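Those sequence lines, one after another, are chains A and B. Residues 1 to 136 in my numbering are what the first sequence lists, from first letter to last. Residues 1001 to 1283 in my numbering are what the second sequence lists, from first letter to last. Glycine residues also receive a C-beta, built at the ideal position from the N, C-alpha and C atoms. The structure displayed is predicted, hence computed values, not measured ones.
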Amino acid sequence: MGAQAATLDASAERVATLFARLPELIDANSDLVRRGRFLTTDFAIIVGTIPLLVRIEAGRVTSVARGPFLLRPWTFSITAAPETWLALFKRVPDPGTHDLMALSKTGLARIEGNLQPFMANLQVIKDIVTAPRALM
Amino acid sequence: MKATFEPIVGRYAHLTLSGRPHRLYIEEAGSGIPLVCLHTAGADGRQFRHLLNDPAITRDYRVIVFDMPWHGKSLPPAGFETEEYQLTTADYTQMVLDVCDALELEKPVVMGCSIGGRLVLNLAAEHAVRFRALIGLESAAYQQPWYDTEWLNRPDVHGGEVCAALVSGMMAPQSPAESRHETLWMYKCGGPGIFKGDLYFYRVDGDLREKIARIDTSRCPLYMLTGEYDFSCTPEDTRRTATLIKGAEVTIMKELGHFPMSENPAQFRRYILPVLEKIKAGS
């Protein structure tokens, strides 16, 4: 394995570890839970090649499962490279990597699948996926 | 506790726009050079309240802010319920000219943000002689769309919530939470389909790339200011536009995004006061 690939793997592992803490991060934010109370869904966060399946029930993240998955469905997915997720998580992110939709516009993130629940709960989902910023 | 009042005066004007009677809400403060401010798509004139309250501006400028029809406290015209609202370049341009005429403004400065920033480019191309100076905030002749506007007005997505959620990331992270949320509130208050209808001008009807080469800044100075965190109208979009306009002055504003006047009024002031001073000195 080359040095670059090893660094990438380490970054991916770091991001996956941060996302694994979503249940506690969201639980600690009662306002976010209140705003997301109508949202129950399964969606995938894909960190490079690592798929994470996030279960949301009434605004709470009840599980973050790590793939690979065998024919498991999800409603929508958000895919980005590990370094892109880390850029988004910066306490004061840089212009262009400061917002999920900015990443989508430039192609650094891909948002795919059934986007109705995504758009209907857009601010809640943006807040959930950037919650690891509190750990940086 | 005794109330304190701001120096802003708000009134309703009755005038005809695009051949239809309108009741338009207009706020103003100050005296001197008329400075007409154009709000962003899907919002209203409250975005400029800090300018209206800034004595450093109002001592030399008569700041005038109107809510576009269908926005804020301006009503839609009679019969609106049977039509889809779509802002066109022609109607938007004529609206600003008509408001300036109706208020008998002599050589006003027009400052517009976002769609307003796009519009001032059209004013510069077609009506420069009528204006003392033009200021485009988050202004470009064209920029790349980044979502399908069908999401903005459909029954299974709350229009106000999705409009606010889309634009929330266009502000700088350094902007104070209170100001960011006040900015978003205006998006949450917008009428159904109005943000989408404004974006018809922005995305479909208002591509000015062919037209901006006509702009002659020796007839009317043009200032373009864009926030570094604006990913909708990026600094690069503004710079690319300005390269085609000889004499356009570009400023990229640090720690600001798409709504400089409302998301961080103190930071915006650092950039806009020197521009207004320059315009005053040239008058």
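Could you tell me whether the Cβ atoms of residue i and residue j are closer together than 9 Å?
i: T1040/B; j: I1135/B; result: no
i: P1260/B; j: G1227/B; result: yes
i: L25/A; j: P117/A; result: no
i: L1225/B; j: S1168/B; result: no
i: F19/A; j: L52/A; result: yes
i: V1109/B; j: A1133/B; result: yes
i: G1190/B; j: L1087/B; result: no
i: R1118/B; j: F1048/B; result: no
i: G142/A; j: L8/A; result: This structure gives no information on residue 142/A, because the portion of chain A shown stretches from 1 to 136.
i: R1020/B; j: S1074/B; result: no
i: C1065/B; j: E1104/B; result: Just to set this straight, residue 1065/B is Val in the shown sequence, not Cys. Contact: no.
Alpha carbon to alpha carbon, how far is residue j from residue i? Give it in angstroms, no decimals.
i: F43/A; j: V1120/B; result: 43 Å
i: D1067/B; j: P1192/B; result: 16 Å
i: M136/A; j: T84/A; result: 14 Å
i: K1211/B; j: H1258/B; result: 24 Å
i: E1126/B; j: I46/A; result: 49 Å
i: E1106/B; j: C1037/B; result: 15 Å
i: T137/A; j: I128/A; result: Missing from the structure shown is residue 137/A; chain A here goes from 1 to 136 and no further.
i: L1208/B; j: I1245/B; result: 12 Å
i: L1015/B; j: P1034/B; result: 19 Å
i: D1205/B; j: L86/A; result: 38 Å
i: P23/A; j: A1043/B; result: 35 Å
i: T1238/B; j: L1222/B; result: 12 Å
i: L100/A; j: G1160/B; result: 19 Å
i: W1151/B; j: A65/A; result: 30 Å
i: S1232/B; j: D1091/B; result: 24 Å
i: C1163/B; j: E1249/B; result: 31 Å
i: A1242/B; j: C1113/B; result: 16 Å
i: R1270/B; j: G96/A; result: 23 Å
i: E1006/B; j: S1031/B; result: 15 Å
i: H1050/B; j: A1266/B; result: 9 Å
i: G2/A; j: F89/A; result: 26 Å
i: I1194/B; j: G1045/B; result: 15 Å
i: Y1012/B; j: D94/A; result: 43 Å
i: R21/A; j: K1188/B; result: 31 Å
i: R91/A; j: I1272/B; result: 28 Å
i: V15/A; j: P82/A; result: 6 Å
i: E1185/B; j: Q4/A; result: Checking the sequence shown, residue 1185/B turns out to be Trp, not Glu. Cα-Cα distance, rounded: 45 Å.
i: T62/A; j: N1264/B; result: 37 Å
i: T1234/B; j: A1172/B; result: 13 Å
i: A58/A; j: S77/A; result: 19 Å
i: A109/A; j: V1099/B; result: 43 Å
i: W1070/B; j: Y1085/B; result: 8 Å
Assign residue i to one of three DSSP states: helix, strand, or coil.
i: C1100/B; result: helix
i: V1120/B; result: helix
i: F118/A; result: helix
i: C1189/B; result: coil
i: C1233/B; result: coil
i: F76/A; result: strand
i: M1171/B; result: coil
i: P1145/B; result: coil
i: E1263/B; result: helix
i: L1087/B; result: coil
i: E1106/B; result: coil
i: C1113/B; result: strand
i: T7/A; result: helix
i: A1140/B; result: coil
i: A1013/B; result: strand
i: P132/A; result: helix
i: T1251/B; result: strand
i: G1227/B; result: strand
i: I1245/B; result: coil
i: H1258/B; result: coil
i: L1134/B; result: strand
Closer than 7 Å by beta-carbon distance: list the chain C residues that pair up with residue i, in chain order.
i: G1112/B; result: No chain C is present in this structure, whose protein chains are A and B.
*Using a beta-carbon distance cut-off of less than 9 Å, what residues from the segment 1209 to 1241 of chain B approach chain A?*
G1227, E1228, Y1229, D1230, F1231, S1232, T1234 and P1235
*Which ranges would you report for the beta strand (DSSP E) in the segment 18 to 60 of chain A if only whole runs of at least 3 residues count?*
Unbroken beta strand (DSSP E) runs of no fewer than 3 residues, entirely contained in the segment 18 to 60 of chain A, are found at 41 to 47 and 50 to 57, following chain order.
*In chain order, each alpha helix (DSSP H) run of at least 4 residues that lies wholly inside the segment 1043 to 1081 of chain B*: 1049 to 1052 and 1055 to 1058
*Below 7 Å between beta carbons is the criterion; list the residues of the segment 14 to 43 of chain A that meet it against any residue of chain B, in chain order.*
Close to chain B, meaning a Cβ-Cβ distance shorter than 7 Å, is no residue of the segment 14 to 43 of chain A at all.
_If the cut-off is 8 Å on Cβ atoms, which residues from the segment 1147 to 1163 of chain B count as contacting chain A, listed in chain order?_
Y1147, W1151, D1156, V1157, H1158, E1161 and V1162
*Going along the segment 62 to 90 of chain A in order, which residues come within less than 8 Å of chain B, judged by CB to CB distance?*
Hits within the stretch: zero.
*Just by C-beta distance, which residues in the segment 1115 to 1144 of chain B are closer than 8 Å to chain A?*
Listed by position, the residues of the segment 1115 to 1144 of chain B near chain A (Cβ gap below 8 Å) are Q1144.
*Note down, in chain order, all residues in the segment 1256 to 1274 of chain B with a beta-carbon under 7 Å from any beta-carbon belonging to chain A.*
Going along the segment 1256 to 1274 of chain B in chain order, one finds no residue with a Cβ nearer than 7 Å to chain A.
*Could you please tell me which residues of the segment 89 to 105 of chain A, in chain order, have their CB closer than 8 Å to any CB of chain B?*
Considering only beta carbons, the part of the segment 89 to 105 of chain A lying closer than 8 Å to chain B consists of V92, P93, P95, G96, H98, D99, L100, M101, A102, S104 and K105, in chain order.
*Anything in the segment 119 to 136 of chain A with a Cβ closer than 8 Å to a Cβ of chain B? List those residues in chain order, please.*
M119, A120, L122, Q123 and K126
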